[in-house]
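Take a look at the structure below.
Numbering (the working numbering), first residue to last: 4 to 216.
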């Protein structure tokens with residue numbers, strides 16, 4: 004089962020992708036995680052990606068496609084995977100379709116987690132991250148035990164540059180310009196399913212499971 008998660012940044016698609024991966028025993032393949040690993044390790048690709056991510060811009064296709072296709076060709080993806088953060092543009096979707104078709108494969112579902120922009124800005128500006136161990140929190144929904152301090156390693160928590168309101172607004176504009184057309188692309192292919200991302204996290208997951216089952 005090959006699944007793509009769609010939705011604006013901060014819609015909660017990453018959380019749902021992890022839950023789907025766990026339930027169905029398939030890898031959660033997040034381009035964000037791949038980029039962050041490269042950034043943390045100081046690779047050339049990571050440093051290049053960071054320039055774009057810090058400004059709330061999308062990483063260019065040529066930086067993204069190669070690393071993603073290499074990842075889904077690995078053994079643990081043979082029974083399927085959940086793609087989170089890719090494709091982000093029509094050209095990326097076309098490259099992915101072509102690559103899969105050459106393998107005699109295709110995307111089974113594109114799940115669109117739908118959340119209004121104003122909800123997303125509020126959600127993301129409440130996020131806090133530990134730059135030391137990678138743990139993430141939310142000041143309202145998943146607060147740390149001690150304000151501003153990571154539960155896991157005791158290091159200070161920060162509001163990442165890409166979660167600041169002005170960056171989020173920029174990311175949403177980029178999303179509506181470049182990524183939203185994917186909804187029409189996957190609707191035309193008959194694989195798009197939309198869920199209400201403003202509902203409780205467990206309810207969103209139940210709605211997705213009922214689609215996949």
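All C-beta atoms, glycine included, are put in the ideal place defined by N, C-alpha and C.
The model shown is predicted, which means the values in this text are computed figures rather than measured ones.
- Under the three-state reduction of DSSP, residue 136 is assigned to coil, being neither helix nor strand.
- Here DSSP, grouped into helix, strand and coil, assigns residue 207 to helix.
- Here the region 18 to 27 makes contact with the region 80 to 93; the two share three or more CB pairs at distances below 8 angstroms.
- Fully contained in the region 122 to 179 are the following alpha helix (DSSP H) runs of length 4 or more, in chain order: 168 to 177.
- In this structure, DSSP gives residue 54 a helical state, which the three-state scheme calls helix.
- The residue among 204, 197, 202, 203 with its C-alpha nearest the C-alpha of residue 215 is 197.
- Counting C-beta pairs closer than 8 angstroms gives three or more between the region 99 to 116 and the region 189 to 205, which meets the contact rule.
- Within 10 angstroms of the beta-carbon of residue 145 lie fewer than 16 other beta-carbons, which makes it exposed.
- Under DSSP, residue 198 takes part in a beta bridge, and its partners are 116.
- Taking C-alpha positions only, residue 183 is separated from residue 177 by approximately 9 angstroms.
- Per DSSP, reduced to three states, the secondary structure at residue 64 is helical.
- Within the DSSP secondary-structure output, residue 86 pairs in a beta bridge with 7, 32.
- Of the residues assessed, residue 91 falls on the buried side of the cut-off, its CB having 16 or more other CB atoms within 10 angstroms.
- Scanning its chain for C-beta atoms nearer than 8 angstroms, with the 5 sequence neighbours on each side dropped, one finds around residue 94 the residues 64, in chain order.
- Here the C-alpha atom of residue 42 lies approximately 16 angstroms from the C-alpha atom of residue 60.
- Spanning the alpha carbons of residue 189 and residue 104 requires a straight line of approximately 15 angstroms.
- In this structure, residue 51 lies near residue 66, with their beta-carbon atoms less than 8 angstroms apart.
- The three-state secondary structure of residue 23, taken from DSSP, is helix.
- For residue 96, the enclosing alpha helix (DSSP H) has its first and last residue at 93 to 105.
- Between residue 53 and residue 157, the alpha-carbon positions lie close to 25 angstroms from each other.
- Looking at 193, 203, 205, the one whose alpha-carbon comes closest to that of residue 111 is 193.
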